[in-house]
Every structure is written in structure tokens, then in C-alpha cells.
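Protein chains in written order, with my numbering: chain A, 2 to 226; chain B, 424 to 513; chain C, 612 to 923. Where is the CB? At the ideal position from N, CA and C, for every residue including glycine. To keep things clear, I will list the structure first and then write my remarks on it.
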Amino acid sequence: MSPTSEPAALPSVEAVADGCLLVSHRLTEWVGNAPTMEEDVALGNIALDLLGQARGLLSFLGDEDQLAYFRDADKFANPAICASPNGDFARTMLRQVFVDCWLEQVWSTLTEHEAEVVRGVAAKAVKENAYHRRHSRSWVLRLGDGTEESRRRLLLALEELWPLTAEITVPGWRESVTGVLVAATVPVPTAASVDDSAAAACASARRELLAEMQSLARAHPGASW
Amino acid sequence: MALWEVFVRARGGLHHAHVGSIHATDAEMALENARDVFTRRGEAASLWVVPSDAIVASDPADADELFEPAMDKEYRHPTYYEVPDGVANL
Amino acid sequence: MADRERLERFEAHVAAEGKVESDSWMPDAYRKTLVRQISQHAHSEIIGMQPEGNWLTRAPSLRRKAILLAKVQDEAGHGLYLYAAAETLGTSRDEMVDALLAGTAKYSSIFNYPTPTWADIGAIGWLVDGAAIMNQVPLCRCSYGPYARAMKRVCKEESFHQRQGFDILVTLCRGTDEQRAMAQDALNRWWWPSLMMFGPHDTDSPHSEQSMRWRIKRFSNDELRQRFVDVTAPQAAFLGLRIPDDELRYDETAGHWHFGEPDWEEFRRVLSGDGPCNAERLERRTRAHVEGAWVRDAAAAYSAKHAETTAA
Numbered sequence: 002m003s004p005t006s007e008p009a010a011l012p013s014v015e016a017v018a019d020g021c022l023l024v025s026h027r028l029t030e031w032v033g034n035a036p037t038m039e040e041d042v043a044l045g046n047i048a049l050d051l052l053g054q055a056r057g058l059l060s061f062l063g064d065e066d067q068l069a070y071f072r073d074a075d076k077f078a079n080p081a082i083c084a085s086p087n088g089d090f091a092r093t094m095l096r097q098v099f100v101d102c103w104l105e106q107v108w109s110t111l112t113e114h115e116a117e118v119v120r121g122v123a124a125k126a127v128k129e130n131a132y133h134r135r136h137s138r139s140w141v142l143r144l145g146d147g148t149e150e151s152r153r154r155l156l157l158a159l160e161e162l163w164p165l166t167a168e169i170t171v172p173g174w175r176e177s178v179t180g181v182l183v184a185a186t187v188p189v190p191t192a193a194s195v196d197d198s199a200a201a202a203c204a205s206a207r208r209e210l211l212a213e214m215q216s217l218a219r220a221h222p223g224a225s226w
Numbered sequence: 424m425a426l427w428e429v430f431v432r433a434r435g436g437l438h439h440a441h442v443g444s445i446h447a448t449d450a451e452m453a454l455e456n457a458r459d460v461f462t463r464r465g466e467a468a469s470l471w472v473v474p475s476d477a478i479v480a481s482d483p484a485d486a487d488e489l490f491e492p493a494m495d496k497e498y499r500h501p502t503y504y505e506v507p508d509g510v511a512n513l
Numbered sequence: 612m613a614d615r616e617r618l619e620r621f622e623a624h625v626a627a628e629g630k631v632e633s634d635s636w637m638p639d640a641y642r643k644t645l646v647r648q649i650s651q652h653a654h655s656e657i658i659g660m661q662p663e664g665n666w667l668t669r670a671p672s673l674r675r676k677a678i679l680l681a682k683v684q685d686e687a688g689h690g691l692y693l694y695a696a697a698e699t700l701g702t703s704r705d706e707m708v709d710a711l712l713a714g715t716a717k718y719s720s721i722f723n724y725p726t727p728t729w730a731d732i733g734a735i736g737w738l739v740d741g742a743a744i745m746n747q748v749p750l751c752r753c754s755y756g757p758y759a760r761a762m763k764r765v766c767k768e769e770s771f772h773q774r775q776g777f778d779i780l781v782t783l784c785r786g787t788d789e790q791r792a793m794a795q796d797a798l799n800r801w802w803w804p805s806l807m808m809f810g811p812h813d814t815d816s817p818h819s820e821q822s823m824r825w826r827i828k829r830f831s832n833d834e835l836r837q838r839f840v841d842v843t844a845p846q847a848a849f850l851g852l853r854i855p856d857d858e859l860r861y862d863e864t865a866g867h868w869h870f871g872e873p874d875w876e877e878f879r880r881v882l883s884g885d886g887p888c889n890a891e892r893l894e895r896r897t898r899a900h901v902e903g904a905w906v907r908d909a910a911a912a913y914s915a916k917h918a919e920t921t922a923a
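Right, dumping it as C-alpha cells:
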């Protein structure tokens, strides 16, 4: 690596944990509402994997429930895109491609983390992530190269989500994502620049998500479930 | 969406067994859907999906002629043969 | 072979515990009854995802969230196994789904009740899944092969469903005063609807005799209901909860728990579409189906495009 290049920005373990937790939550919002019953099952699986990954990392950082339910929204460290609302199925699947490609790089790095627990979570996650990437890629291809309507929705989703990808700077991400977009016959945008209003919208979405997610636990502080 | 039959070979199993069917528009989605629906409890080491209309099945009306004749040929079974006392490893 | 002779052969075969497969000859009434029963069962699984799915986003611990997600996912899977079993009888999944959304197909009315508290999730697992298991285990020996096989799979998965519900209630009953009160309140609301899951009294159940003769049904409604009360009453005692039935008492001589009469008027009302959540359940299901149409169309279009290119 040349001395003048910037070190790749690797997300903190906390950012990964929170990212997985929130994306998992977004996917659970689809269960019972997916376009096919098979997809209800599939999204459930992915949500469970991501939840498991979040739990593994949160338990390493402290008490998983304390961190998930009793931390305020502004203390969460996730990349903004992980809190982004589902929108329609095209937006959800495109977001999933972006997040899956991010996690691909992240988990690979974390298999070498100094803590054994984190290495263990990462080793399992690498396999789960391979399946998630396969699934989200399958859908983005079918939506990009399906009907005019699906393509229109996917292109709109791309326009809305792309600004949020400025925050993702792990090496390898852009190449992976480009591969998927090209196969989906979708034009690949130039690198995104940071968009504060898009990020603010996600912070607001995160507050709403957590307000619902944390509501019951916070109503009974100290209780066991 | 077409109907596909799903066959799973269990971990440590010898052959694929029919476990049910799913709907999917193409082979790739069929494989993924079958994996999601039928292998959540660690059952599988291998998965086949076959379009349902590719299956050729025997006609139940032919069951007698297809399967009855095999019933009375006991000499195909080892138990038909008496092994004399004192003979080992047979 | 004349139909009459076929019917006699069929009934003898079934009475001797023989299996019927999708390509066997079967009386029209047998086929119709099974399509109705299996599709109703499938619809129930899918609709059943809603009352519990309601709490997925608010599950109070990550462990409970994971467990509930796995359970709701299983229910989608059960719906799939059952639709597939019904399809072997000559109907299509689309036809069955259309009937559900049009309101002409029934599903278990237990799912027309709301789930206002987290304790309801526990009660549903303990009581509703408990009752379902009691109905379903005998179905594993049903004469119709595809249904029996689907039921075996379902039953294997269902027992975790009941255990997780009971586990939720154990934790609540050992918890704070509010949690205990939540558990008791849920039991108060779910007890009678669970008893009604076994259907009307045997004397008011016209299909039962034929279904028993054809080995689709093994035990009568009242027999199963009695068994359920016998099994569940001690479990409630363990939880320290009171079953909301003033007549409930153990009859030493009979060796059974004597219990009161369900409100059959309520049963009829909810069954005919006038329950608390009937409209909401169908509306949610319809919305998912309608909003998903463009996705299904896209998958079909992609598949058609690529079938052409590989054929060429």
C-alpha cells in the first residue's frame, strides 16, 4: 500500500452489530407480507441469520438486550443504510445487495479479529452471508431484467439508496455491487457523495424503528422475558 | 409459477428422498426456495429440485403387472437358503 | 369396474388402514372433503402468521425475537406443505388463494382474535398450538398419503411451537406483578376460543361420521376437547394461573376434568365472519398478495426471457 493512500475505513464491531440488528428488523417487517409464501420463509431465514450475527457481536460488547433495548437511538453506530425503510420489494432487495456486499468484506476482515468470540461469529457469518448475497442478487437480477414495472421500481430504488452508499468505504464493495448491477442490466452510478439529508432521514427512520422495537422492554424495566 | 418436487439427501444419508414440493419460476429460485422451506433443521447435505411434470410415474392400474411378479421369487432372498450347522461366514 | 364396486373396494382398503395416493381412484366426496379440509388447514397456517407476527417487531428480548421469528416462519412453511398436499387432489394454489381472499374459503376462527399483549404470544403457543397438535397428531395416520406425510412434518415442527409458548408464560408467571397479570389476562381471553378449536359438539357435527369411516378423522370433537382439558388443566396449575371456568373441577370417578359449556353463539358468529379481526386478517393477506403481483410477474418474465436464451 503506497504511503499516500488512505487506510480503508473498517467499521467498528459496534457498527456491524447495530447494522445487522437493524437490517434484520427491517426484514422481519416483511414476514407475512412478502410477495410469495416462499419469500416469507426466505426473508425469515435471512433475518434470523442477521439477528444471530448481531446477537453474537452484542454479547461480545456487553449485555445483548441491554444494548439493543435500552440504548437510545442516537447511540447506535450502524451505517445509515441499515436503518433505511423497506419501501417496496425492489428497494428492500437492492438495499440488501448493498448491505450484503458490505458485510461480505466486513465478515472476511473480522475472521482475523483479535477476539476469539468475534472470529467465531465471523466464521459462521461468512457462510450465511454467501447465501444472502446469492438470494439478494437473484432478486435484483429478476427485477432489473424482468418487466418494465419492476425495472422502473428498481431504478427508483437505486436513485433513493445510492446516496446512502457514500458511507460504505470498504475495499471490494464497489466491484461486488457493480457485478450485480451489470448482471441486472442496470446502469452503474458514479461513486456517491455524502448526502446529509438522506442520512438525516435514516436517523429519523431509526428513531421510529427503535421506538417500536424497544417499547415493550422499556415499559417494564428490569423485567425478564 | 411452476411446481417442483424436492428431494433431500440427509447428512450421513445414502440417497435423496422426496420431501415435498414448492412453487418457483425457475431452477435457481426453486433450489433456493427448497433450501429455505425444507432444510432449516440441519437435515440436508444435498438437494435436488425437479419440475413436477418431468416425473414419469407408474400407473396404479398397472401395479399388479409391474410389482406382483416380484412377490413370489423368494429364492432372491438370502433367508430362503438354509445354511447347514457348522458352516460359518456364509 | 362399476363405481359401486370401486367404492366398496375403496372403503375396504381404507378401513384396513390402506393409504390413498394422488393417482388412486377415490369417491368425489372423499376428494372434495379433503380439498376443503387441507386447504382450510393451509389457510389457517398463513392467516395464523398475523396475530403473532404482530409482536415480532416488539419482542422484548433478542432471544424471544429469534424464537418467534422461527415459529412464524415455520407457519409459512406449514402453509406451503399443506397447499402442496391439496394440489395433489387436482386444485391449484392460485384457486385456493383466490377463494381465501374472496372470503369463500374458511380458516380456523381462532386466528380472528386479536393479540393485544405479549402474553398472548405465550397463550397462543401453549393453548392454540397445543390444541392444534391434539388435532394434528391423529392426522399423521390419515388415509390420504400426501396429507399424512405433510402432517408428519408439521407435527415434528409444531411441538417446539407449544413449548416456546409455555416457556414465555413460565417466565411471565415468575416475573413482576404486571407480567403475572398479563399472563392471567391472556389465559382469560384465549381459553374458550381454544376449546372451540375442536369444533362443535359431536351431535352438531354432520361430516364427522363419514370422515371417520374414511380415516380422515380419528377421534371425535368431544373426545379431543376432553383430552385437551385433561392435559392442560394441570399445566395451568403449574403456572399458578386460573382457568376462567367456574365449573372446572377434577372428577375422580370419571378420571377426567369436568368443564363448562363454550359460548356456541360466539363460535358461530366468529366462524361466519363477525369476529374481532376477520376483516383485518383478510385485508392484510389481500394486500400482500396484490402488492406482490408485480414481483411475481417480474420473476416469471425473467424466467421466460432466460429460457429463450438458453434454448437458442
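Kindly give me the distance between the Cβ atoms of residue i and residue j, rounded to whole angstroms, as I take these residues to be in contact under 8 Å.
i, j, result
"L835 of chain C", "R56 of chain A", "That pair is no contact at about 39 Å."
"L156 of chain A", "A184 of chain A", "Going by Cβ atoms, the distance from L156 of chain A to A184 of chain A rounds to 15 Å, so no, they are not a contact pair."
"A670 of chain C", "D41 of chain A", "No, A670 of chain C and D41 of chain A are not in contact; Cβ-Cβ is about 17 Å, not under 8 Å."
"M793 of chain C", "L783 of chain C", "6 Å"
"L454 of chain B", "V442 of chain B", "Not quite, the Cβ-Cβ distance comes to about 14 Å (not below 8 Å), so this is no contact."
"Y758 of chain C", "I649 of chain C", "6 Å"
"E39 of chain A", "V460 of chain B", "7 Å"
Taking C-alpha atoms, which residue in the options lies nearest to residue i?
i, options, result
"S13 of chain A", "A:L62, A:N34, A:A43, A:L23", "A:L62"
"R860 of chain C", "C:T644, C:E876, C:T843, C:W875", "C:T843"
"Y692 of chain C", "C:P817, C:Y913, C:H654", "C:H654"
"L798 of chain C", "C:V739, C:S831, C:M823", "C:V739"
"V187 of chain A", "A:Q215, A:R152, A:L210, A:V171", "A:R152"
"A918 of chain C", "B:D495, B:D459, B:T448, B:A468", "B:T448"
"S85 of chain A", "A:A158, A:A218, A:A192", "A:A158"
"V781 of chain C", "C:E820, C:V683, C:F849, C:R764", "C:F849"
"P845 of chain C", "C:L680, C:F777, C:L712", "C:F777"
"A18 of chain A", "A:A35, A:N79, A:G223", "A:N79"
"V118 of chain A", "A:T93, A:G173, A:H136, A:L59", "A:L59"
"D856 of chain C", "C:R785, C:Y755, C:P873, C:D833", "C:P873"
"K676 of chain C", "A:L51, A:R72, A:A35, A:K76", "A:L51"
"Y503 of chain B", "B:D495, B:V510, B:G509", "B:D495"
At what residues does the alpha helix (DSSP H) containing residue i begin and finish?
i, result
"L157 of chain A", "149-162"
"D788 of chain C", "788-807"
"P662 of chain C", "639-664"
"L835 of chain C", "832-850"
"L95 of chain A", "90-111"
"I779 of chain C", "756-784"
"R134 of chain A", "117-145"
Only counting the same chain, and skipping five residues up and downstream in sequence, which positions put a Cβ closer than 7 Å to that of residue i?
i, result
"L182 of chain A", "V189"
"S177 of chain A", "C102, E105"
"S475 of chain B", "L426, W427, E428, S444"
"G435 of chain B", "none"
"Y641 of chain C", "W825"
"R764 of chain C", "Y692"
"V683 of chain C", "M660, E663, G664, L667"
"L95 of chain A", "V141, L155, A158, L159, L162"
"H867 of chain C", "Q837, D841"
Excluding the 5 residues flanking residue i on each side, which residues of the same chain have their C-beta closer than 6 Å to its C-beta?
i, result
"V1 of chain A", "The structure shown does not extend to residue 1 of chain A, since chain A is modelled only from 2 through 226, so no value can be given for it."
"R829 of chain C", "P749"
"T702 of chain C", "V646"
"F839 of chain C", "A742, M745"
"H133 of chain A", "I47, D101"
"A91 of chain A", "L144, R154, L155, A158"
"I657 of chain C", "G690"
"D731 of chain C", "A797"
"N889 of chain C", "N723"
"A206 of chain A", "A84, P86"
So, at 8 Å on beta carbons, what are the nonlocal neighbours of residue i in its own chain, with the 5 sequence-adjacent residues on each side left out?
i, result
"S914 of chain C", "none"
"L11 of chain A", "V107, T110, V171"
"F878 of chain C", "S720, M807, P811"
"T93 of chain A", "R27, L28, W31, N87"
"E213 of chain A", "none"
The beta strand (DSSP E) spanning residue i covers which residue range?
i, result
"W868 of chain C", "867-869"
"R432 of chain B", "425-433"
"G443 of chain B", "440-447"
"A468 of chain B", "467-474"
"R674 of chain C", "It is not in any beta strand (DSSP E) - R674 of chain C instead sits in the alpha helix (DSSP H) that spans 673-698."
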